[in-house]
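Visitor: If you read the sequence shown in our numbering, its first letter stands for residue 1, the second for the next number, and so on.
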Amino acid sequence: KKGADPPNMKQGGVGSDIILSERKGQSQKPTEIYELIEELVPDGKYLEIFARKNNLRDYWVSVGNEVTGTGPPDEDREAVEANMAPAGAVYGAGNR
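#1: Can you tell me which of the three DSSP states L40 falls into?
#2: Using DSSP bridges, identify the partner residues of I49.
#3: For the alpha helix (DSSP H) containing E78, list its first residue and its last residue.
#4: Given F50, which residues of its chain have a CB within under 6 Å of its CB, disregarding the five upstream and five downstream residues?
#5: Against chain B, does R52 count as a neighbour if the rule is that its beta carbon must be under 9 Å from one of theirs?
#6: Quick check on DSSP: helix, strand or coil for E22?
#7: How big is the Cα-Cα spacing for G25 and N54?
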């Protein structure tokens, strides 16, 4: 093992490495995986790579060519130009 555990990491590990969940959209991860990570590292800094718009989650940094790099989808750009937020977007830590 290299390095120290993240601050506030829950000791004792997880109960199982199997997640049973209903299938969602294409490439959409089960909500349970986010909840598991957030439980293991409360108040952590979370990063999702290869993200898609349907995987965005509050308090996570999400990067992926469908989220960043190639520009927003047309409907999101139009919403921003009209001074509105894209559908489903949550900014900041106001609800935590």
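Glycine included, C-beta positions come from ideal geometry on N, C-alpha and C. Quick caveat: nothing in here was measured; it's all calculated off a predicted structure.
Guide: This is what the structure gives:
#1: L40 carries a helical assignment under DSSP once its states are collapsed to helix, strand and coil.
#2: For I49, the pairing in a beta bridge is given by DSSP as V63.
#3: 74-81 is the span of the alpha helix (DSSP H), which, as asked, contains E78.
#4: Closer than 6 Å at the Cβ level, and outside the excluded window around F50, lie G64.
#5: Among the chains of the structure shown, chain B does not appear; only one protein chain is present.
#6: Three-state DSSP puts E22 in coil, outside helix and strand.
#7: If I take the Cα positions, the gap works out to 8 Å.
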